[in-house]
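All residue numbers for the sequence shown refer to full-length UniProt numbering, where the first residue is 1 and numbers rise by one. Beta carbons are placed, not taken as given, at the ideal position from N, Cα and C, and that holds for glycine. Presented below is the structure to which this report refers.
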Amino acid sequence: MPSQGEAGRPFPRSSDPGPPSLVTVILPTYNEREALPPLLRALGEILSRQGFRSEILVVDDDSPDGTAEVARSTALPVPLTVRVRRGERGLASAILFGLREAGGRVAVVMDADGSHPAVTVLPLVKAVVEGGAEMALASRYTSGGETRDWPLGRRLISHGATFLARPLTSARDPMTGFFALDRAILSRSSLDPVGYKIALEILVRSRPAPIQEVPFVFTERSVGRSKMGAREMARYLRHLGRLYRFRILNQRPRGSGRGGPGGTSPRPVERLDPQS
C-alpha cells in the first residue's frame, strides 16, 4: 500500500481504465460480519443473471470482528476478491483504494451494512453502460426515492447538508454513498475528501457529464451503528469548504469543453423515471 495514502494520490491518465464489459462492485467494510453475507448473496444472485461480466471487491479495514474471513467463506456465483488494508483506515480512502484496484471500467460503490439495496445496482450500471452517463447516483430525493425510519432531526440535517452543496452540483442527492461511474473520469483531478462524502468529491472535482439519478429507498442499517454523528458533520463542513475553494480557484469560461475540473456552473442531471 502506498505510503502517502489514497487521498490526494492522482489516478493514472489512461485510455483504457478497464474493459467496458466488466463491472466491479466495491464494498468498503469495517465490522460488518453480520450484514455482509446477505448482501453478498443478493449481489451474486443479481449479477450472475445479467449479460455483463461482473466481480465483487470487498475492501476491509482489518475488521477485528472477522469480516474479511466471513466474506471469503461466502460462496458466490461471481468472482469475489477480499483486500484487507492495514495501517490506513477510513471509508473515503477505502473507496479510493477500491476504485484503483477495480478490474472493470464501470465501478459501483455501495455500503455493506444493508442500507443500500442490491436491486438498485442494475439500474445504476445500465445508466452508465447503456445510458451513456459518466456517473449515476442512487438518489433518495428524486421521484420514487425516499428514506425510511429516519427521525425528523436526521432528515433536517440531511436536507440541510444537501442545500449547502447546491451551488456545487445540480444533483438532488450529492450526499449519497451509492453510485456507479465510468472509472475513466477519475484521472481528471486528484481526489482528497474529508470524511466520507466521496460522491460529492467526484461530482465537483471530476465533473462527470452526463449524470443520471436513479431513485432508491434508503433503509436504516439492519445491524451495527450508523456512521452519522457530530464528528462526521464537522468533517463534512470542512470538506465543503475545500470544494468551494477548489471551484473558485478552478473556474473557467463556459463552453471550454466536456468534463474536467473547474467550470462556472453545476453539470446538468438526468433523472430516471422509477417506472421506466
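Beta-carbon proximity of residue i to residue j, cut-off 7 Å
i	j	result
P208	M110	no
L168	A118	no
V108	A180	yes
R205	S187	no
For residue i, the nearest candidate out of the options (CA to CA)
i	options	result
N31	T67, V82 and E232	T67
P77	S54, S139 and L91	S54
A269	A133, T176 and F178	It is Val, not Ala, that sits at residue 269 in the sequence shown. The residue with the shortest Cα to Cα distance from V269 is A133.
A92	R86, A199, G103 and P215	A199
I157	I46, H239, F218 and M233	M233
P151	D61, H159 and G144	H159
A138	F218, R231, Q251 and L43	F218
R89	G195, G241, H239 and V25	G195
G229	G153, R166 and V204	G153
K197	T162, P210 and E146	T162
R140	M175, S63, R235 and E130	M175
A127	R41, S48, S63 and D182	D182
R247	A75, L203 and R72	L203
residue 357	R100, R231 and S48	No answer is possible for residue 357: the residues shown for the chain start at 1 and end at 276.
S21	R245, P210 and V129	V129
R100	L237, I26, R166 and S63	I26
Same chain, Cβ closer than 8 Å to residue i, five either side skipped, listed in chain order
i	result
V70	R33, L36 and P37
E201	A92, L191, D192, P193, H239 and L243
R148	V217, F218, T219 and E220
R155	T147
R41	T74 and L76
Cut-off 6 Å between Cβ atoms - residues of its own chain near residue i, not counting five sequence neighbours on either side
i	result
V59	P28, R83, A94, F97 and G98
T142	R172, E213, P215 and R271
V23	F52, S54, G104, V106 and V125
R85	D61
residue 287	What is shown of the chain runs 1 to 276, which leaves residue 287 out entirely.
H116	M110 and F178
D65	N31 and R33
S276	Here S276 scores only 46 on pLDDT, less than 50, and its place in the model should not be relied on; the value that follows carries that caveat. Answer for S276: no residue qualifies.
T120	A138 and F216
R235	V194 and G195
S63	Y30 and N31
R245	none
R231	none
Cβ-Cβ separation, residue j to residue i (assumed contact under 8 Å), whole Å
i	j	result
L39	A112	6 Å
For residue i, the residue or residues it bridges with in DSSP
i	result
R148	T219
I248	I248 is not bridged to any residue.
V106	V23 and D182
T74	Partner(s): none; T74 has no beta bridge.
L57	I26 and T81
A138	V214
V269	I211
Cβ neighbours of residue i in the same chain (closer than 7 Å, five flanking residues each side left out)
i	result
L164	L240
L122	I46 and Q50
D131	The identity of residue 131 in the sequence shown is Gly, whereas the question assumes Asp. For G131, where only same-chain residues beyond five positions count, the Cβ hits under 7 Å are Q212.
R72	V82
R166	none
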